[in-house]
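Numbering (the numbering used here), first residue to last: 487 to 638.
All C-beta atoms, glycine included, are put in the ideal place defined by N, C-alpha and C.
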Amino acid sequence: MKRKKDPLKIALNFLSYSDRFSKELVQRLKRNGFAKEEIDETIEKLKKYGYVDDSKTAREFIRSKIEKGWGPERIKFELVRRGISEEEAENLVKEIFGEIDEEGLIMEVAKKFLRVKKGEKVLEKLKGFLFRKGFSYDKIINVIEKIEREES
Numbered sequence: 487m488k489r490k491k492d493p494l495k496i497a498l499n500f501l502s503y504s505d506r507f508s509k510e511l512v513q514r515l516k517r518n519g520f521a522k523e524e525i526d527e528t529i530e531k532l533k534k535y536g537y538v539d540d541s542k543t544a545r546e547f548i549r550s551k552i553e554k555g556w557g558p559e560r561i562k563f564e565l566v567r568r569g570i571s572e573e574e575a576e577n578l579v580k581e582i583f584g585e586i587d588e589e590g591l592i593m594e595v596a597k598k599f600l601r602v603k604k605g606e607k608v609l610e611k612l613k614g615f616l617f618r619k620g621f622s623y624d625k626i627i628n629v630i631e632k633i634e635r636e637e638s
């Protein structure tokens, strides 16, 4: 008789590639056909032993996305999608974005965009690009005004 796979082994294998949110682990274990009780028990063990820490993973996620030029709104959206509560996502993003110069980050992303894009409506395209990256409209406008002043 074939023995059923161990959910803990599957979860640990999945975690061996990178840190994961508990929601991602739950989805992986569900896909492997495990019952809710087995999944809950496995997640609790992993949390107990320190293999799963959503708060720590969220902080690392935020920092890596900031390096990729993502804004706070997009990061919050992705955190919620990955199983972090809206309130916790909001608090973590505020905490980490409080440590950096957001307008400086927007300027960096904008200058990178402008090195590649040229043309008539480039600033309009830049606005849309930055908004999709998750930055607030007010800060985008401030940065674009600075860019316009630098160009003139």
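- Rounded to whole angstroms, the separation of the alpha carbons of G614 and K551 is 19 Å.
- If you draw a straight line from the Cα of R514 to the Cα of F500, it is about 8 Å long.
- F583 is the residue among S622, K611, F583, V629 whose C-alpha sits nearest the C-alpha of E553.
- For D540, the enclosing alpha helix (DSSP H) has its first and last residue at 540 to 553.
- Taken in chain order, the unbroken stretches of alpha helix (DSSP H) that lie wholly in the region 581 to 625 and span 4 residues or more are 588 to 602, 608 to 619.
- Straight-line spacing of the CA atoms in P558 and T543 works out to 16 Å.
- Boundaries of the alpha helix (DSSP H) around F500: 493 to 501.
- With a cutoff of 8 Å on beta-carbon distance, S508 and G569 are scored as near each other.
- Distance between G605 and E589, taken at the CA atoms: about 24 Å.
- For I570, the secondary structure class from DSSP, reduced to helix, strand or coil, is coil.
- Annotation for S504: no alpha helix (DSSP H) segment contains it, and DSSP assigns it neither H nor E.
- If you draw a straight line from the Cα of A575 to the Cα of L532, it is about 22 Å long.
- Each residue's CA atom was taken as its position, placing L600 and N518 some 46 Å apart.
- Looking at A596, G620, E546, K603, the one whose alpha-carbon comes closest to that of I633 is A596.
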